[in-house]
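Undergrad:
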Amino acid sequence: MVDHFGNDDLRAHWIPLLASMDKFASYCLTEPGVGSDAASLTTSAKKDGSQYIINGAKAFISGAGETDVYLVMCRTGQAGPKGISCILVEKDTPGLSFAKKEKKAFISGAGETDVYLVMCRTGQAGPKGISCILVEKDTPGLSFAKKEKKLGWNSHPARIVNFDDCRVPVTNLVGEEGKGFNIAMQGLNGGRVNVASSSIGAAYAALQQARDYMKIRKQFGKPLENFQYLQFRLAEMATQLVASRTIIRHAALALDNQDPNVVALCAMAKLFATEESFRVCNSAMQIFGGYGYLKDYPVQQYMRDCRVHCILEVIATITFYNINDLDDDDYDGGGGGDDDTDDDNSGGGGGDDDDNDDDDCDDNDDDDDDDDDDDDDDDDDDDDDVR
Numbered sequence: 009m010v011d012h013f014g015n016d017d018l019r020a021h022w023i024p025l026l027a028s029m030d031k032f033a034s035y036c037l038t039e040p041g042v043g044s045d046a047a048s049l050t051t052s053a054k055k056d057g058s059q060y061i062i063n064g065a066k067a068f069i070s071g072a073g074e075t076d077v078y079l080v081m082c083r084t085g086q087a088g089p090k091g092i093s094c095i096l097v098e099k100d101t102p103g104l105s106f107a108k109k110e111k112k113a114f115i116s117g118a119g120e121t122d123v124y125l126v127m128c129r130t131g132q133a134g135p136k137g138i139s140c141i142l143v144e145k146d147t148p149g150l151s152f153a154k155k156e157k158k159l160g161w162n163s164h165p166a167r168i169v170n171f172d173d174c175r176v177p178v179t180n181l182v183g184e185e186g187k188g189f190n191i192a193m194q195g196l197n198g199g200r201v202n203v204a205s206s207s208i209g210a211a212y213a214a215l216q217q218a219r220d221y222m223k224i225r226k227q228f229g230k231p232l233e234n235f236q237y238l239q240f241r242l243a244e245m246a247t248q249l250v251a252s253r254t255i256i257r258h259a260a261l262a263l264d265n266q267d268p269n270v271v272a273l274c275a276m277a278k279l280f281a282t283e284e285s286f287r288v289c290n291s292a293m294q295i296f297g298g299y300g301y302l303k304d305y306p307v308q309q310y311m312r313d314c315r316v317h318c319i320l321e322v323i324a325t326i327t328f329y330n331i332n333d334l335d336d337d338d339y340d341g342g343g344g345g346d347d348d349t350d351d352d353n354s355g356g357g358g359g360d361d362d363d364n365d366d367d368d369c370d371d372n373d374d375d376d377d378d379d380d381d382d383d384d385d386d387d388d389d390d391d392d393d394v395r
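Taken in order, the sequence shown gives residues 9 to 395; the numbers are from my numbering.
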């Protein structure tokens, strides 16, 4: 996003540092009360001479408190998407903090990354008052809340990010004032392909381990791999995996070629691949039976980590709106609706999830589980052994 939308000075300074991984960045869009409805964000950025003063909070920010720079979507103008801008805030900027008060929530890596890309409000309510600003790690006024305890993704910190009179140069504005919502939505296209790809990585590992386990685990005097039902289940899992990989590659090609249907295609890839990958991981865990529920076996981590992919970068219900805009002159089954990302909130924020699309667990245990003593304790392990 910095490379595509940033000014010459921002690109010259930050692209070499980020590309070499000498510095790390966080993308700040979601807020504690604003998830899928990204156009309603309230973090504000008011211009004061050669600086912006940012106030607000971001949620679910990866690397918050650890990264070096933050790309912040904030409101700099009028209501609607056109009031949203994108501003870069560095790590040690005065006013940037990671305190315990709940403001910008669930920012992955918050407090760890070096730079934060923050979507904040520089104008009126709605998408048109949102801008994108880059905030560096040590900016005064930038603070971070406690590390969130999560079901999965425990090797990757998530914290609330707070902005209290956080001053950054006006040159840290990414793109133009009021264009932050559009920038955020375009960033989500690549993000959806990324999350979908991560999902099939976990699913592939789960499939491999289930297959290997079936070779050595015996029931009724023979290996599990000799049971036809389980053979069919593995075949179904492999089909889900290959189909997911195919649709992801199709979306990635559309992204590279700037296909007019890229929003719908990336939404399709994210929706299909994340849901199917979770099913693959869940099926693999079922094949392990009671052992799959133990933390000694990494298949349970793949399932836990993969579950959040169904929520990240927009929940399932929002992707249906994106897919409905597919141009049916080129693809069968599309809705053919107009796609005006300046004025609607079709992209979704990818934060809070009020959708209850959880899959029911399969009732067929493929192994006996006689050790159902206690539920998992609420620990915050890093799961580094499997990462």
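Each residue gets a CB set at the ideal place from its N, CA and C atoms; glycine is no exception.
1) Residues in its own chain within less than 6 angstroms of W22 by CB, not counting five upstream and five downstream?
2) Are G160 and V316 closer than 8 angstroms when you measure CB to CB?
3) Within 10 angstroms of its Cβ, does G91 collect 16 or more other Cβ (buried), or is it exposed?
4) According to the neighbour-count rule (16 or more other Cβ atoms, all chains shown, within 10 Å of its Cβ), is G209 buried or exposed?
5) For a quick check, are the C-beta atoms of K66 and T84 less than 8 angstroms apart?
6) A118 and I69 look like a contact to me (Cβ under 8 angstroms); what is the Cβ gap, rounded to whole Å?
7) Using CA coordinates, which residue listed in L18, E244 and K145 is at the minimum distance from C36?
8) Mapping the DSSP letters down to three states, classify F68 as helix, strand or coil.
9) So the candidates are A246, I255, K223 and G57; which of them puts its Cα closest to the Cα of V178?
10) Excluding five sequence neighbours on each side, which residues of the same chain lie with their C-beta closer than 6 angstroms to the C-beta of K54?
11) When DSSP builds the beta bridges, which residues end up paired with F152?
12) Just the Cα atoms here: how many angstroms apart are Q59 and T51?
13) Within 7 angstroms: the Cβ of I138 and any heavy atom of the ligand ADP?
14) Mind the definition here: the segment 224-242 touches the segment 252-270 only if three or more C-beta pairs lie below 8 angstroms; say whether that holds.
15) Expressed to the nearest angstrom, what Euclidean distance is found between the alpha-carbon atoms of K3 and Q239?
16) Just reading off the beta strand (DSSP E) that K223 is part of, what are its end residues?
17) Just mark G298 as buried or exposed, buried being the case when its beta carbon has 16 or more other beta carbons within 10 Å.
18) Would you tell me roughly how many angstroms separate the C-alpha atoms of D100 and P148, rounded to the nearest one?
19) What does DSSP give as the partner residues of D100 in its beta bridges?
20) Could you check how far apart the C-beta atoms of S48 and E185 are, in whole angstroms? I think they sit under 8 angstroms.
21) In chain order, what residues of the same chain have a beta carbon less than 7 angstroms from the beta carbon of L25, not counting five sequence neighbours either side?
22) Identify which residue in L302, R253, D76 and L104 has its Cα closest to the Cα of V203.
23) Which residue wins for smallest C-alpha separation from M276, given the options I331, D304 and F228?
24) Take L261 as the anchor and find which of A251, L273 and V250 has the nearest alpha-carbon.
25) Between E74, A153, K223 and D173, which has its C-alpha nearest F296's C-alpha?
26) Quick one: grab the DSSP three-state call for L18.
27) Have a look at G41, K187, A213 and N180 and flag the residue whose alpha-carbon is nearest the alpha-carbon of V307.
28) Can you tell which of F152, N190 and G183 has its C-alpha closest to the C-alpha of D172?
29) Quick check: what's the CA-CA separation for I95 versus Q217?
30) Can you give me the C-alpha to C-alpha distance between C289 and L249, rounded to a whole angstrom?
31) With DSSP as the reference, label C128 as helix, strand or coil.
TA: Looking at the atomic coordinates:
1) Taking the sequence shown and counting its residues from 1, the one referred to as residue 22 is at position 14. Here the set comprises V10.
2) For the purposes of this step, residue 160 is taken as residue 152 along the sequence shown, with counting starting at 1. For the purposes of this step, residue 316 is taken as residue 308 along the sequence shown, with counting starting at 1. Yes, the Cβ-Cβ distance between G160 and V316 is below 8 angstroms.
3) Start at 1 with the first residue of the sequence shown, and residue 91 comes out as number 83. The residue in question, G91, is buried, as its Cβ has 16 or more Cβ neighbours within 10 Å.
4) Indexing the sequence shown from 1 puts residue 209 at position 201. With fewer than 16 Cβ atoms within 10 Å of its Cβ, G209 is classed as exposed.
5) Taking the sequence shown and counting its residues from 1, one reaches residue 66 at position 58. Taking the sequence shown and counting its residues from 1, one reaches residue 84 at position 76. Contact: no.
6) What you label residue 118 is simply residue 110 of the sequence shown in a count that begins at 1. What you label residue 69 is simply residue 61 of the sequence shown in a count that begins at 1. The C-beta separation of A118 from I69 comes to about 4 angstroms, placing the pair in contact by the 8 angstroms criterion.
7) The count along the sequence shown starts at 1 and reaches residue 36 at position 28. Answer by Cα proximity: K145.
8) Position 60 of the sequence shown, counted from the start, is the residue given in the question as residue 68. When DSSP states are grouped into helix, strand and coil, F68 belongs to the strand group.
9) In the sequence shown, the residue the question calls residue 178 occupies position 170. Looking at the Cα atoms, G57 is the closest of the given residues.
10) Here the question's residue 54 lines up with position 46 in the sequence shown. If we look at K54 and ignore the five residues flanking it on each side, its Cβ neighbours are I61.
11) Residue numbering aside, residue 152 sits at position 144 when the sequence shown is read from its first letter. Beta-bridge pairing links F152 to V169.
12) Within the sequence shown, the letter at position 51 stands for residue 59. Within the sequence shown, the letter at position 43 stands for residue 51. If you take the alpha carbons of Q59 and T51, they lie about 16 angstroms apart.
13) Because no ligand of any kind appears in the structure shown, any question about the ligand ADP cannot be addressed here.
14) No: the two stretches stay apart, fewer than three of their Cβ pairs being nearer than 8 angstroms.
15) With the chain covering 9 to 395 only, the question about residue 3 has no answer from this structure.
16) Here residue 223 corresponds to residue number 215 of the sequence shown, with the count starting at 1. Where K223 is concerned, there is no enclosing beta strand (DSSP E), although the alpha helix (DSSP H) it sits in stretches over G188 to I224.
17) The sequence position of residue 298 within the sequence shown is 290, counting from 1. Exposed: under 16 other Cβ atoms inside 10 Å.
18) Position 92 of the sequence shown, counted from the first residue, corresponds to residue 100. Position 140 of the sequence shown, counted from the first residue, corresponds to residue 148. So the two alpha carbons sit approximately 6 angstroms from each other.
19) For the purposes of this step, residue 100 is taken as the residue at position 92 of the sequence shown. D100 pairs with D146.
20) Residue numbering aside, residue 48 sits at position 40 when the sequence shown is read from its first letter. Residue numbering aside, residue 185 sits at position 177 when the sequence shown is read from its first letter. That belief does not hold up - the Cβ atoms of S48 and E185 are roughly 18 angstroms apart, past 8 angstroms.
21) For this step, residue 25 is matched to residue 17 along the sequence shown. Within the same chain, Cβ atoms closer than 7 angstroms to the Cβ of L25 are found at K31, the five residues on either side in sequence being excluded.
22) Counting from one through the sequence shown, the residue named residue 203 turns up at place 195. Measuring from the Cα of V203, the nearest candidate turns out to be R253.
23) Here the question's residue 276 lines up with position 268 in the sequence shown. It is I331.
24) Stepping through the sequence shown from its first residue, residue 261 is reached at position 253. Nearest C-alpha to L261: L273.
25) Locating residue 296 in the sequence shown gives position 288, counting from the first residue. The shortest C-alpha separation from F296 is found at K223.
26) Residue mapping note: residue 18 aligns to position 10 of the sequence shown, counting from 1. Helix at L18.
27) If you number the sequence shown from 1, residue 307 lands on position 299. Among G41, K187, A213 and N180, the Cα nearest to that of V307 belongs to A213.
28) Counted from its first residue, the sequence shown places residue 172 at position 164. Checked all of F152, N190 and G183; the closest Cα to D172 is F152.
29) As a working note, residue 95 is residue 87 in the sequence shown. As a working note, residue 217 is residue 209 in the sequence shown. Distance between the alpha carbons of I95 and Q217 is about 44 angstroms.
30) One-based indexing of the sequence shown puts residue 289 at position 281. One-based indexing of the sequence shown puts residue 249 at position 241. Cα-Cα distance, rounded: 10 angstroms.
31) Indexing the sequence shown from 1 puts residue 128 at position 120. Coil.
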